[in-house]
Amino acid sequence: MTLNKILRNTFLVLVAGLILTACATTKKVETTAGQMQGDVYTGTDTVEYLASGVPDRVFFATNESILTTRSRETLRKQATWLRENSEITVVLEGHADERGTREYNLALGERRANAAKDYLMTYGVSASRISVISYGKERPVDSGSNPLSWSKNRRSVTVKAN
Amino acid sequence: MKKIEEKKQNPEKIETEVKQVSEFEKKELFDPNNIAALIDKSKEEVAKTIQTTDKVTQSQDKNVERTGLSLSEEDALKAQIFGCWSIPLGLPYKENLLVRIKLKLKPDGSVIKSEILDHARMNKPGQSFYKVLAESALRAIRLCQPLRVPTTGYERWKDLQLNFDAREMLEG
Amino acid sequence: MQEKCWKDENLKFLKTLIILLLIQFKAYALIEVDITRGNLSPLPVAVSPLASDKKSLVEVEKILKIKDIGSEISLVVENNLKQTGLFNPLTKDAFLQKPDIAHFKPRFEDWKLIKAQALITGKVEIINENLRVEFRLWDVLAAKEMLAIAFTTVPTNWRRVGHIITDKVYERLTGEKGYFDTRIIYVAEEGPKTKRIKKLAIMDQDGFNVKYLTLGNELVLTPRFNPTNQMITYLSYFRNLPRVYLLDIETGIQEVVGDFPGMTFAPRFSPDGKKIIMSFASDGNSDIYTMDLENRIVERITNHPSIDTSPSYSPNGRYICFNSDRSGYQQIYVMKSDGSNVKRISFGRGLYGTPVWSPRGDLIAFTKLHKGKFYIGVMRIDGSGERLLTENFYQEAPSWSPNGRVLVFYRETKTDEKGEGFSAKLWSIDLTGYNERQVRTKTDASDPSWSSLLSN
Numbered sequence: 079m080t081l082n083k084i085l086r087n088t089f090l091v092l093v094a095g096l097i098l099t100a101c102a103t104t105k106k107v108e109t110t111a112g113q114m115q116g117d118v119y120t121g122t123d124t125v126e127y128l129a130s131g132v133p134d135r136v137f138f139a140t141n142e143s144i145l146t147t148r149s150r151e152t153l154r155k156q157a158t159w160l161r162e163n164s165e166i167t168v169v170l171e172g173h174a175d176e177r178g179t180r181e182y183n184l185a186l187g188e189r190r191a192n193a194a195k196d197y198l199m200t201y202g203v204s205a206s207r208i209s210v211i212s213y214g215k216e217r218p219v220d221s222g223s224n225p226l227s228w229s230k231n232r233r234s235v236t237v238k239a240n
Numbered sequence: 006m007k008k009i010e011e012k013k014q015n016p017e018k019i020e021t022e023v024k025q026v027s028e029f030e031k032k033e034l035f036d037p038n039n040i041a042a043l044i045d046k047s048k049e050e051v052a053k054t055i056q057t058t059d060k061v062t063q064s065q066d067k068n069v070e071r072t073g074l075s076l077s078e079e080d081a082l083k084a085q086i087f088g089c090w091s092i093p094l095g096l097p098y099k100e101n102l103l104v105r106i107k108l109k110l111k112p113d114g115s116v117i118k119s120e121i122l123d124h125a126r127m128n129k130p131g132q133s134f135y136k137v138l139a140e141s142a143l144r145a146i147r148l149c150q151p152l153r154v155p156t157t158g159y160e161r162w163k164d165l166q167l168n169f170d171a172r173e174m175l176e177g
Numbered sequence: 153m154q155e156k157c158w159k160d161e162n163l164k165f166l167k168t169l170i171i172l173l174l175i176q177f178k179a180y181a182l183i184e185v186d187i188t189r190g191n192l193s194p195l196p197v198a199v200s201p202l203a204s205d206k207k208s209l210v211e212v213e214k215i216l217k218i219k220d221i222g223s224e225i226s227l228v229v230e231n232n233l234k235q236t237g238l239f240n241p242l243t244k245d246a247f248l249q250k251p252d253i254a255h256f257k258p259r260f261e262d263w264k265l266i267k268a269q270a271l272i273t274g275k276v277e278i279i280n281e282n283l284r285v286e287f288r289l290w291d292v293l294a295a296k297e298m299l300a301i302a303f304t305t306v307p308t309n310w311r312r313v314g315h316i317i318t319d320k321v322y323e324r325l326t327g328e329k330g331y332f333d334t335r336i337i338y339v340a341e342e343g344p345k346t347k348r349i350k351k352l353a354i355m356d357q358d359g360f361n362v363k364y365l366t367l368g369n370e371l372v373l374t375p376r377f378n379p380t381n382q383m384i385t386y387l388s389y390f391r392n393l394p395r396v397y398l399l400d401i402e403t404g405i406q407e408v409v410g411d412f413p414g415m416t417f418a419p420r421f422s423p424d425g426k427k428i429i430m431s432f433a434s435d436g437n438s439d440i441y442t443m444d445l446e447n448r449i450v451e452r453i454t455n456h457p458s459i460d461t462s463p464s465y466s467p468n469g470r471y472i473c474f475n476s477d478r479s480g481y482q483q484i485y486v487m488k489s490d491g492s493n494v495k496r497i498s499f500g501r502g503l504y505g506t507p508v509w510s511p512r513g514d515l516i517a518f519t520k521l522h523k524g525k526f527y528i529g530v531m532r533i534d535g536s537g538e539r540l541l542t543e544n545f546y547q548e549a550p551s552w553s554p555n556g557r558v559l560v561f562y563r564e565t566k567t568d569e570k571g572e573g574f575s576a577k578l579w580s581i582d583l584t585g586y587n588e589r590q591v592r593t594k595t596d597a598s599d600p601s602w603s604s605l606l607s608n
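So the protein sequences, as listed, match chains A, B and C. Residues in the first sequence are numbered consecutively from 79, following the working numbering. Residues in the second sequence are numbered consecutively from 6, following the working numbering. Residues in the third sequence are numbered consecutively from 153, following the working numbering.
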């Protein structure tokens, strides 16, 4: 009988726990769902367009410079646009979030911008039309100190140079 | 090339004239031959005490044997000097910094004479930490005197050696 | 039989003699008492205002617009001593002796009464429009002079005189060189985080005499002092080309270091001041290079497809520490100055960056990032003995005081959801992890670098 009581109590606690977890998840969905995958930003808040349907930036995971499937898609659109507008030259601006040492982040930003540059080149954009600059963590788009802000700041932005 | 509005950053030279350097240590010179034997002896004992500083009862038993001061007599003296000694805080604790001072005392505990046993070390280059510690120990004695000595047995303690060792404190 | 008996007798006698001798010896044995404890409170020091004659006071006021120069200089000294955490300057209200008499012949009993263990006195005068300052350091308890020095300089240097006095006093009382007649170069910051304006700035170690070296038109980062002269090296985004620059703060002339086809960054001087070591980033890969400032020869030191940056020489110039992510994550490595014998030295949990070799040679200071916190720490040059000195939300870039006792670094506070609450300030902390203090700056500040002692 005592056992039964314990079991029942446990069950109640479990149910309560489930409800709480459910609440927590719902809340999270409101703030970051659709905006982050893993810790890569997938939202559109900060994104600008080089031309209709051509987003100007790609995002990265923490400490990474690997292009996601989505980033590659964006860069292919940029490459198409650049091939169609052969007089345009661009600067790729690489950035990092504030969660790293300044000098390392300068190198990391440069690595990210170059990852984007390499991809554009494989899609037929001449290296002479692309220059690269790293700002490290010096030019965040979002000044917040939270995972979502940081994900927006880990980026490579393609900027028209002429 | 860019120009910058700021120009003269380097300040004017400052002339230094050293008027007089301390006479502090010179006046405390002593005859090293006198106490050569003592130095060797105390070295061994010091090594022993350092090992046993944590085990209070044990080392106290030994002290009674060795020092000829009773437990409470030694405690009273120690407690007094602990209070007077401002340990120089910047000292590196890893160096072998032990300052041994031999005192000649009056029956009331005031100090007639104090000698630093490794006095030669005070003025050696590269021994500035030792000198700093030695000076702090001398200050402690001066601040404390008359020392809290037993009321009886003057012959026993009229010569007294204090071994100042800051390592334990600086590490902690 | 007979013989044996005698021997026994003899032995007995000898034994007694020995025992007697032992007792005798014990009675005369020198009593030793081990003093292993004391108080660890800062040493009480009285800094008496420096005395000066009427005529000098009038002249100083005419030149510097300062009413009582003697008091002002003693305040500089007092503040310096207090900042060290090693000394406790006593309040002047308690002083019983007038400055001029104290300097001539202190009444030690009076100073002992207010519990001073050391006393600083001095005299300021104007001689041929120059400022002549003499000071004495006294051991109050020994009733003796420990130090007496005089300086002559132009009046505008009066704060420096205070710093030099502190250096001399500090050295005499601690056994190691001071760090007061020094400057800190840093980046002064203002504006919102997304559009931060940054200027090179230089100030005295105590935060006074701030001067801005750039106007804020371009982004500037990571200035570092040449340990031997008045040159600095830093990263500037002039014309949007991030390059390492060299700036002579005496002449104001600056130039790009080397002719690299891409970003150069993370510069630092070699200990002899003759080379700059830095990173060059190209095609997504950063390696370490040096440039000889005399013959302009550039040498590549590392050649690895990882990020190699934040190099710093050992004081003898024979080794270089740097950080690299060649293991997958940012860690600290040490190599010979020609780039050979690369060895990883950081093995703790987390990421390690910005290694800086201590001027004493035995330690490397670093920034560590672990579980969302930033730490400033030190480790031995083989990576052992890691000690974390301070933890915070974000802080980095330690720089050593010239005597290797204090680290200056910068710390940023977190922004809230509205992007507010952000500020960056300079802080200092002792090698022991004690005595953490904010270094006073008018604006927000980052990337501090400590100069060598200006005078010796």
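We put the CB at the ideal spot given by N, CA and C, even for glycine. Here the structure is a predicted model, which is why all the values come from computation and not from measurement.
- Secondary structure remark: continuous beta strand (DSSP E) runs of at least 3 residues inside the stretch 199-276 of chain C, in chain order: 239-241.
- Only those residues of the stretch 142-153 of chain A whose C-beta falls short of 8 Å from the nearest C-beta of chain C are listed: Ser-143.
- The C-beta distance from Val-197(C) to Asn-240(C) rounds to 7 Å, short enough to fall under 8 Å.
- Remark: three or more beta-carbon pairs, one from each stretch, lie closer than 8 Å, so the stretch 217-231 of chain A and the stretch 566-573 of chain C are flagged as touching.
- For Leu-198(A), the closest Cβ of chain C is not nearer than 8 Å.
- Burial is judged here by how many other beta carbons sit within 10 angstroms of a residue's own beta carbon; Val-154(B) has at least 16 and is buried.
- For His-173(A), the enclosing beta strand (DSSP E) begins and ends at 168-173.
- Judged by their CB atoms, Ile-92(B) and Leu-271(C) are not nearer to each other than the 8 Å cut-off.
- For Met-415(C), the C-beta contacts it makes with chain A under 8 Å involve Leu-184, Glu-188, Ile-211, Ser-212, in order along the chain.
- Runs of beta strand (DSSP E) with 3 or more residues, each lying fully within the stretch 313-383 of chain C, are found at 335-342, 349-356, 372-377, listed in chain order.
- Of the candidates Phe-412(C), Gly-414(C), Gly-425(C), the residue whose Cα lies closest to the Cα of Asp-400(C) is Gly-425(C).
- Just measuring C-alpha positions, the residue of Leu-76(B), Gln-85(B), Ser-75(B), Met-127(B) sitting nearest Ile-187(C) is Gln-85(B).
- For Glu-277(C), same chain residues with a beta-carbon under 7 Å away, outside a window of 5 residues either side, are Ser-204, Asp-205, Ser-208, Arg-284 in chain order.
- Legend: CB atoms of the stretch 457-490 of chain C lying less than 7 Å from CB atoms of chain B are not found in any residue.
- The Cβ atoms of Phe-417(C) and Glu-181(A) lie closer than 8 Å to each other.
- Per DSSP, Trp-602(C) is one residue of the beta strand (DSSP E) stretching across 596-602.
- Within the DSSP secondary-structure output, Tyr-386(C) pairs in a beta bridge with Tyr-397(C).
- For Tyr-197(A), the enclosing alpha helix (DSSP H) begins and ends at 180-200.
- Contact annotation for Lys-136(B) against chain C: Gly-327 [CB-CB distance below 7 Å, chain order].
- A Cβ of chain A is located within less than 8 Å of the beta carbon of Asn-392(C).
- For Gln-483(C), the number of other beta carbons within 10 angstroms of its own is at least 16, and it is reported as buried.
- Identification of residues in the stretch 305-322 of chain C having a C-beta nearer than 9 Å to some C-beta of chain A yields an empty set.
- Interface annotation, Gly-190(C): in contact with chain B, CB-CB separation under 8 Å.
- Here Ala-302(C) is near Glu-286(C), since their CB atoms are less than 8 Å apart.
- With a threshold of 8 Å between beta carbons, Lys-345(C) makes contact with chain A.
- Ser-77(B) counts as exposed, since fewer than 16 other beta carbons sit within 10 angstroms of its beta carbon.
- Between Phe-421(C) and Arg-376(C) the beta-carbon gap is near 6 Å, inside 8 Å, which marks them as a contact.
- In this structure, Phe-260(C) places its C-beta atom within 8 Å of the C-beta atom of Ala-295(C).
- Rounded to the nearest angstrom, the Cβ distance from Ser-212(A) to Met-415(C) is 6 Å, consistent with a contact under 8 Å.
- Rounded to the nearest whole angstrom, the CA to CA distance from Thr-442(C) to Gly-529(C) is 27 Å.
- In this structure, Ser-229(A) sits away from Gly-172(A), with a CB-CB distance that is not shorter than 8 Å.
- Contact between Leu-373(C) and Val-321(C) does not hold, since the beta-carbon distance rounds to 36 Å and is not under 8 Å.
- Taking a cut-off of 8 Å on C-beta distances, the stretch 147-155 of chain A does not touch the stretch 424-440 of chain C, as fewer than three cross pairs fall below it.
- A distance below 8 Å between beta-carbons, with the five flanking residues on each side excluded, links Pro-467(C) to the following residues of its chain, in chain order: Pro-423, Trp-509, Ser-510, Pro-511, Arg-512, Gly-513.
- Within the DSSP secondary-structure output, Asn-128(B) pairs in no beta bridge.
- A distance of 8 Å or more separates the beta carbons of Trp-602(C) and Glu-588(C).
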